[in-house]
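J.: This is the structure I have questions about; it appears just below.
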Amino acid sequence: MDIALATDWATIRALVRRSANELIRVPGAAVPGVLAPTIFFLGLTAVFGNLTLLPGFTTGSYASFMVPVSMLQGAGFTGAAMGVNLARDIELGLFDRFLASPAPRWVLLTGLVLSAAIRSFIPATFVFLIALAVGAHLPGPGGLIVTYLCVVGTATIAACWSATIALRFKTQSAAPLMQTVMLALVLCTTAYAPQELLTGWLATAAEYNPFTQVVDAARQGFVGGVTWEGTWPAFAVIAALTALLGALALRGMRRTAY
Amino acid sequence: MKGSVAVVAELGRRSIRQTFRRPQLIAPLLVIPTLLLAVQAAGAGRAIDLPGFPPVESFFDFLLAGAMLQSALLAGNSGGIALAIDIEMGFTDRLLAAPIPRFAIVAGRLAGTAAMGAVTAVWFLAIGLIFGVRIEEGLLGALLMIALVTLAALSFGTLGAALALRSGSASVVQGTFPLVFVILFLSTAFFPADLLLEPARTIARFNPLSFIAEAVRDPVISVFSARELLEGLAGIVLVGAAGLALCSLALRRRLRLG
């Protein structure tokens with residue numbers, strides 16, 4: 001392997017390890033990211049569970065319908081938490097030291113984003129296991145792989161977005177902006193009901209929100225079979241949003257003076 | 259007595275000024291419940307077609323009270339955080355050393371929480387009216403809703419204040435944020451009790467928040483009912499009394515331990 005590339009990879013691994021160390025040393029740091037999607041999953045299932053009685057609902061189990069949404073929500077919160085940690089590092093001056101190092105900006109961003117993507121497995125798996133415990137349908141291996149790829153993709157998008165915000169505002173006070181936008185992106189889709197049953201503005205918003213493709217793809221294995229036609233648009237959306245938001249984050253990083 | 263009232267009024271003014279000077283304190287009370295109201299009303303809008311759903315013009319009409327109470331609960335949590343920050347910064351210690359009644363410390367903070375409750379009630383009423391909600395009981399009904407939400411925020415604020423006095427830590431109070439949603443999901447704030455899934459259905463029948471939600475909702479969806487109002491007020495008094503008792507215990511403990 002090229003020496004420069006090997007050094008870059010070692011830097012990325014070091015950033016991922018630093019993020020893992022935080023989890024090992026402060027396990028409580030992962031609790032809010034796990035708790036929120038779990039509470040939403042259990043709460044929304046208990047409240048809106050009877051929506052499946054409506055004609056046109058695609059499954060008889062609202063838990064199965066809702067679990068991928070909560071897994072994606074957990075991934076969104078994990079990505080946003082990475083942005084809050086980055087803002088904290090900027091406030092404390094630690095990030096200035098990273099910027100002063102010979103590591104290229106894209107390496108720093110990749111390390112941060114990869115950390116979030118890996119950490120997103122924690123809330124997603126916790127919600128998934130809770131869902132199975134309350135009777136959600138167990139998807140096949142194909143469905144599960146697609147769901148987890150969507151989870152990782154969502155965490156990547158959220159991490160790029162929250163990094164852009166952290167680099168723009170340079171304060172942890174910007175956390176609500178990181179979290180709320182991700183929450184809106186996930187919820188303004190077919191999160192609560194199939195497209196045919198949505199009403200008002202949300203029916204239009206969900207139709208045009210590209211993230212609806214990700215929610216629908218992640219849900220496939222829980223409510224039916226997995227198809228390539230139902231999967232590739234989600235991967236295209238994840239790739240496009242990652243490219244767009246990643247470029248914005250990188251631009252923010254390049255503009256950040258040290 | 260006159261002196262006590264003056265102290266409470268002054269601390270209350272400080273608390274209100276502090277709240278409105280920090281948009282980050284009031285923004286989450288409005289943004290998240292507004293987002294959830296908009297998404298849930300359209301996402302689960304067809305719920306009104308379910309057999310057993312009370313007769314309403316739209317699901318938005320039904321949900322409005324839930325959004326108001328969600329905000330009131332968050333106001334209670336936010337007021338607790340502000341009191342905990344006062345404790346962390348030593349301001350409360352100075353008040354404890356001052357020749358003022360101890361209850362004024364809590365009452366002053368609760369005045370700020372009640373003000374936040376009133377603001378959120380007006381906000382949601384305005385949103386409701388803009389989006390076509392018709393309040394069956396007219397102006398008096400609207401004023402009754404504002405009064406009930408303000409009292410509910412005051413009553414939830416006592417729980418936030420008790421937690422702040424007991425823990426003395428803003429992050430601990432902030433950590434109870436997800437509990438707000440647990441309490442909401444286990445009540446009739448978002449859905450009629452008969453259509454909730456078990457065990458939420460049973461818990462909701464005894465949850466004081468359900469009674470408060472029904473009282474706030476009543477002027478919107480039906481004609482005035484003294485029974486709903488009295489049950490709602492009883493719920494508010496019950497929560498408030500429990501919160502004040504916990505505040506008293508926590509304050510005594512704080513004074514004993516120094």
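Taken in order, these protein sequences are the chains called Z and H.
Using this note's numbering, read the first sequence as starting at 1 and increasing by one per residue.
Using this note's numbering, read the second sequence as starting at 259 and increasing by one per residue.
C-beta: ideal position from N, C-alpha, C; glycine also.
1) Leaving out the 5 sequence neighbours to the left and right, which residues in its chain are closer than 7 Å to H/Ile494 when beta-carbon positions are compared?
2) Candidates Z/Thr164, Z/Ile118, Z/Ala63, Z/Ile12: which alpha carbon is nearest Z/Leu244's?
3) Looking at the structure shown, is Z/Tyr192 part of a helix, part of a strand, or coil, going by DSSP?
4) Quick one: measure Cβ to Cβ for H/Val478 and H/Ile393, integer angstroms, because I've assumed they're closer than 8 Å.
5) What residue from H/Leu368, H/Leu488, H/Thr434, H/Leu308 has the CA that sits closest to H/Ser273's CA?
6) At a CB-CB cut-off below 7 Å, which residues of chain H make contact with Z/Thr199?
7) With H/Ala333 and H/Gly375 assumed to form a contact (beta carbons below 8 Å), what rounded beta-carbon distance in angstroms separates them?
8) In three-state DSSP terms, what is H/Val391?
9) Nearest chain Z C-beta to H/Leu453 closer than 8 Å, yes or no?
10) Shorter than 8 Å from the beta carbon of H/Phe439 to some beta carbon of chain Z?
11) Can you give me the Cβ contacts of H/Ala299 inside the same chain, cut-off strictly under 6 Å, excluding the 5 residues immediately before and after it?
12) Can you tell me which of the three DSSP states H/Ala302 falls into?
13) What in chain H is Cβ-close to Z/Pro176, meaning under 9 Å?
14) Could you tell me if H/Pro466 is buried or exposed, where buried requires 16 or more neighbouring beta carbons within 10 angstroms of its beta carbon?
15) Using DSSP with H/G/I as helix, E/B as strand and the rest coil, what is H/Arg367?
16) Answer yes if the region 348–356 of chain H comes into contact with the region 499–506 of chain H, meaning at least three C-beta pairs across the two stretches below 8 Å, and no otherwise.
17) Please return the same chain residues whose Cβ sits closer than 6 Å to the Cβ of Z/Phe126, not counting the five positions on each side in sequence.
18) Checking 8 Å against the spacing of the C-beta atoms, do Z/Val67 and Z/Phe128 come in under that value?
19) Closer than 7 Å between beta carbons: that is the criterion. Which residues of the region 303–335 of chain H meet it against chain Z?
20) Within the continuous alpha helix (DSSP H) that includes Z/Asn259, where are the two ends?
21) Between the beta-carbon of H/Phe382 and the beta-carbon of H/Ser445, is there less than 8 Å?
22) Cα separation between Z/Val215 and Z/Leu132?
23) Take H/Val380 and list the residues in its own chain whose beta-carbon comes closer than 7 Å to its own, dropping the five residues that flank it on each side.
24) What residue range does the alpha helix (DSSP H) around H/Leu453 cover?
25) Would you mind stating whether H/Arg512 and H/Leu421 have Cβ atoms separated by less than 8 Å?
26) Just to confirm the assignment: which complete alpha helix (DSSP H) runs, minimum length 4, are found wholly within the region 446–513 of chain H?
27) Which one of Z/Leu44, Z/Glu229, Z/Ala166, Z/Gly56 has the shortest CA to CA distance from H/Asp307?
28) Distance, Cα to Cα, H/Pro286 vs Z/Gln213?
29) Does H/Pro436 have its Cβ less than 8 Å from a Cβ in chain Z?
30) Do you know how far the Cα of Z/Phe48 is from the Cα of H/Ala325?
31) For Z/Ala260, count neighbouring C-beta atoms within 10 Å of its own C-beta (all shown protein chains included) and say buried if the count is 16 or more, exposed if not.
32) Among H/Leu402, H/Gly301, H/Gly426, H/Ala342, which one has its Cα closest to the Cα of Z/Leu202?
33) Pull out every residue of the region 37–59 of chain Z whose Cβ sits closer than 8 Å to any Cβ of chain H, in chain order.
34) Z/Val84 to Z/Arg254, Cα distance in whole Å?
35) Do the region 184–192 of chain Z and the region 101–117 of chain Z touch if we need at least three Cβ pairs shorter than 8 Å?
36) Cβ of H/Ala379 less than 8 Å from any chain Z Cβ?
T.: In short, the structure shows the following:
1) Within the same chain, H/Ile494 has close Cβ partners Leu409, Ala410, Ser413, Ile470.
2) Of the listed residues, the one whose Cα sits closest to Z/Leu244 is Z/Thr164.
3) Looking at Z/Tyr192 - three-state DSSP - the assignment turns out to be coil, as it is neither helix nor strand.
4) 5 Å
5) H/Leu368
6) The contacting residues are Ala300, Gly303, Arg304.
7) Going by Cβ atoms, the distance from H/Ala333 to H/Gly375 rounds to 5 Å, so yes, they are a contact pair.
8) Here H/Val391 sits in coil by DSSP.
9) yes
10) yes
11) Phe317, Phe318, Leu321
12) coil
13) Gln282, Ala285, Pro286, Val289, Ile290
14) Buried.
15) helix
16) no
17) Excluding residues within five positions, the ones whose Cβ falls inside 6 Å are Val34.
18) yes
19) Gly303, Arg304, Ala305, Asp307, Leu308
20) Because chain Z in this structure spans residues 1 to 258, residue 259 of chain Z falls outside the shown range and cannot be described.
21) no
22) 19 Å
23) Ile404
24) No alpha helix (DSSP H) holds H/Leu453; DSSP gives it neither H nor E.
25) One thing to note: H/Arg512 has its Cβ no nearer than 8 Å to the Cβ of H/Leu421.
26) Those alpha helix (DSSP H) runs which fall completely within the region 446–513 of chain H and span 4+ residues are 458–464, 466–479.
27) Z/Gly56
28) 28 Å
29) By this cut-off, H/Pro436 is an interface position.
30) Cα to Cα, H/Ala325 sits roughly 16 Å from Z/Phe48.
31) Lying outside 1 to 258, the shown extent of chain Z, residue 260 of chain Z is not represented and no answer is given.
32) H/Gly301
33) Ile39, Phe40, Leu42, Gly43, Leu44, Thr45, Ala46, Val47, Phe48, Gly49, Asn50, Leu51, Leu53, Leu54
34) Answer to the nearest angstrom: the Cα atoms are 19 Å apart.
35) no
36) no
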